[in-house]
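Since the structure comes first, as structure tokens, the remarks are kept for the end.
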Amino acid sequence: MAVPSASYTGLDQRASPRTDVYARLPVVLPDGRSATVTLVNISADGMLMRHDQPITDGAMLTVSMPIIGKIKATAIWSLGGRSGLNFVETIKADDYAHLLKALGARIGG
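Per full-length UniProt numbering, residue 1 is the first one in the sequence shown, and the count goes up by one each step.
As structure tokens, then:
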């Protein structure tokens, strides 16, 4: 069975586990335009999103989140309308727990 290739290669190097969540979030793109993206999963260090706009690796975006407000993130990879972002600053544990609740994430059993 063939394995599809992407611009991202290597082992998963996430610093913390992701929580699956569906949310529409406003972002400011590198060129200053506003857009709405779909959050697929999130951790205190980053997120996976779906989008319609082209986003290049290394692009800096500003994501507006409930509870914590605006957070800057760098696109680590982008492929087929999906991008993995790394937050410039890790979300604090207490804020992250409140953020997950505000996003409607199901946590635990």
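Beta carbons are placed, not taken as given, at the ideal position from N, Cα and C, and that holds for glycine.
- Comparing alpha carbon positions, the residue from ASP31, VAL40 and PRO26 closest to ARG18 is VAL40.
- If you compare the alpha carbons of GLY80, LYS70 and SER43 with that of PRO54, the shortest gap goes to GLY80.
- For LEU61 against LEU100, the beta-carbon gap comes to about 20 Å, at or over 8 Å, which does not count as contact.
- Comparing alpha-carbon positions, the option among LYS70, ASP95 and PHE87 lying closest to GLY58 turns out to be PHE87.
- Pairing GLY104 with ALA97, the inter-Cα distance amounts to about 11 Å.
- The beta carbon of PRO30 is closer than 7 Å to those of ALA59, MET60 and LEU61 in its chain, skipping five residues each way along the sequence.
- If you look at ALA93, you'll find it in the alpha helix (DSSP H) that goes 93-103.
- Look at the segment 30-63 and you find these whole runs of beta strand (DSSP E), each 3 residues long or longer: 34-42 and 46-50.
- When DSSP states are grouped into helix, strand and coil, VAL27 belongs to the strand group.
- Cβ atoms of VAL37 and ARG50 come within 8 Å of each other, at about 7 Å.
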